[in-house]
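In the numbering used here, the protein residues as written are 527 to 785.
The C-beta atom is built at its ideal place from N, Cα and C for all residues, glycine as well.
Note that this is a predicted model, so its numbers are computed, not measured.
What follows is one structure encoded as structure tokens, with my remarks underneath.
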Ligand SMILES: Cc1cc2nc3c(=O)[nH]c(=O)nc-3n(C[C@H](O)[C@H](O)[C@H](O)COP(=O)(O)O)c2cc1C
């Protein structure tokens with residue numbers, strides 16, 4: 527068989543050998559890059575999560591040392607069935623992965639799945655922001671639920687009374703920009719601080735309404751303006767708040783914190 531150099535350039539065999547060799551070299555480069563960059567991707571993912579947690583309590587500023595600021599926050603695992611803190615390494619807990627693992631989560635009966643998340647992890651990862659005196663200043667709780675097109679993921683931060691909203695963010699969603707995507711608009715998110723989660727009967731009352739929220743009276747404490755032209759995303763946010771603040775979400779935990 528002639529060597530590859532001596533083969534004519536228009537030979538079919540040479541074309542296949544060169545194309546095959548090129549594919550092999552490229553696949554080695556691509557898979558090498560994927561494996562080599564994985565630790566960097568994971569570090570960036572963690573940094574992004576820490577930034578979101580800082581942001582929801584207003585402690586993020588561009589250019590700041592995120593890792594240093596975040597080190598004052600305490601991650602905790604909450605057993606959602608009992609509302610007690612659970613054993614385990616809270617800092618490394620991957621709640622999203624847990625929600626997919628049948629051993630670490632449970633299927634939500636269709637009638638109760640108002641947030642349309644299908645499975646609920648048995649444990650949730652919360653963060654405690656500490657005040658200068660060392661007490662808990664804010665409780666930061668992960669929330670998620672389906673909008674019109676996507677699962678919206680975010681954090682809800684409560685003041686130390688475990689009742690008053692400090693802030694909300696949605697860091698991951700794929701609703702339509704300009705419509706449902708306005709869930710991530712800081713102007714809309716500015717409506718949340720100061721609202722209350724639980725009514726005088728102890729049940730979750732915080733909600734997002736279609737159109738304008740009540741401006742006076744008792745309801746004004748619990749209502750947020752809906753997103754214009756995005757009633758379905760608005761309803762998704764209202765539903766996910768109702769779910770995560772309810773009995774199957776953080777209600778047991780927050781009741782215990784308050785008492
Ligand atoms: C291309 C397109 C994208 C849309 N994206 C959203 C969306 O992200 N969220 C949403 O609630 N409604 C979205 N809508 C509108 C819904 O279909 C529906 O009309 C709307 O939620 C009704 O809201 P309204 O009662 O406030 O008008 C979209 C509509 C179109 C045509």
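Secondary structure of residue i, DSSP reduced to three states
i: residue 583; result: coil
i: residue 695; result: strand
i: residue 678; result: strand
i: residue 573; result: helix
i: residue 749; result: strand
i: residue 733; result: strand
i: residue 741; result: coil
i: residue 726; result: coil
i: residue 689; result: coil
i: residue 599; result: strand
i: residue 775; result: coil
i: residue 655; result: strand
i: residue 641; result: coil
i: residue 633; result: strand
i: residue 540; result: helix
i: residue 766; result: helix
i: residue 781; result: helix
i: residue 712; result: helix
i: residue 530; result: coil
i: residue 706; result: helix
i: residue 618; result: helix
i: residue 628; result: coil
i: residue 719; result: coil
i: residue 667; result: strand
i: residue 563; result: helix
i: residue 623; result: helix
i: residue 612; result: coil
i: residue 650; result: strand
i: residue 606; result: coil
i: residue 756; result: coil
i: residue 683; result: strand
Residue from the options with nearest C-alpha to residue i
i: residue 580; options: 595, 616, 553 and 633; result: 595
i: residue 730; options: 585, 551, 690 and 653; result: 690
i: residue 669; options: 564, 649 and 738; result: 649
i: residue 618; options: 562, 572, 577 and 607; result: 572
i: residue 621; options: 779, 575, 664 and 609; result: 575
i: residue 724; options: 773, 644 and 537; result: 773
i: residue 688; options: 783, 597, 736 and 714; result: 783
i: residue 628; options: 640, 647 and 546; result: 647
i: residue 663; options: 542, 777 and 693; result: 693
i: residue 683; options: 566, 660, 719 and 561; result: 719
i: residue 741; options: 717, 727, 556 and 759; result: 717
Burial state of residue i (16 or more Cβ within 10 Å)
i: residue 623; result: exposed
i: residue 671; result: buried
i: residue 544; result: exposed
i: residue 553; result: exposed
i: residue 701; result: buried
i: residue 539; result: exposed
i: residue 721; result: buried
i: residue 699; result: buried
i: residue 542; result: exposed
i: residue 762; result: buried
i: residue 755; result: exposed
i: residue 641; result: buried
i: residue 733; result: buried
i: residue 736; result: exposed
Beta carbon nearer than 5 Å to a non-hydrogen atom of ligand 1: Output, sorted by chain position: 674, 701, 702, 705, 706, 755, 756, 757, 758 and 759.
Any 3 or more C-beta pairs closer than 8 Å across the segment 590-607 and the segment 653-660: yes
Cβ contact check for the segment 696-706 and the segment 673-683: 3 or more pairs under 8 Å: Contact annotation: the segment 696-706 touches the segment 673-683, with at least three C-beta pairs closer than 8 Å.
Segment contact, 8 Å Cβ cut-off, at least three pairs: the segment 606-619 with the segment 742-751: no
Cβ contact (3+ pairs, closer than 8 Å) linking the segment 631-641 and the segment 759-771: yes
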